[in-house]
Amino acid sequence: MKKKKKDRIVTVDMYHKYAEIDEMYSSKVREVKLDIPSNLRMQCAILDVKVEKLLNDFMWMLSYSHHNTASNTQRKTAKKFFLACKYGQPVYTKKQINQMFDELKADRKIRKTIDGMDHEDMKLFWKSNHMYMQHWFRRWFNKRDRAKGDISTLNEY
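1597 is the number that the working numbering gives the last residue of the sequence shown; the numbers go up by one with no jumps.
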């Protein structure tokens, strides 16, 4: 008589690739050479504010990142400046760009609610968040008459 083998259950995490954000979609450290206007340099020297800090703060405010402690007023002002300069227009309408910012703001709000989650729930949250941000980028990227364009262009930015 043959011994009956016990069935073994193997759990497979089909979303393991989202445990960490894909490098293509992550923040990047970049060396940028800029021509800093003399008036800005003088203002920064007088006010004891490094140009790098000014530019970094603006970028993090505008991105609605959870890494920055900017106030809602500061973020709103950065967004207004961005829109007033018509960045991204006419490729996207002002309404669409506002929607992009609103979606980033909503993502930031959700991230504020995760305190106290247990470890397993936190892992699941980040996988879901990483998956969503990749979807978010591709959805907006492909709205530009690109018909499933090559998203590797993100590496240039």
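We put the CB at the ideal spot given by N, CA and C, even for glycine. Quantities reported herein were computed from a predicted structural model and do not represent experimental measurements.
Asked                                                                                       : Found
CB of residue 1480 within 9 Å of CB of residue 1469, strictly                               : no
N- and C-terminal bounds of the alpha helix (DSSP H) containing residue 1417                : Because the chain is modelled from 1441 through 1597, residue 1417 falls outside the range shown and cannot be assessed.
Exposure of residue 1476, with buried meaning 16 or more beta-carbon neighbours within 10 Å : exposed
Distance between residue 1499 and residue 1519 (C-alpha atoms, nearest Å)                   : 10 Å
Residue range of the alpha helix (DSSP H) that includes residue 1573                        : 1559-1581
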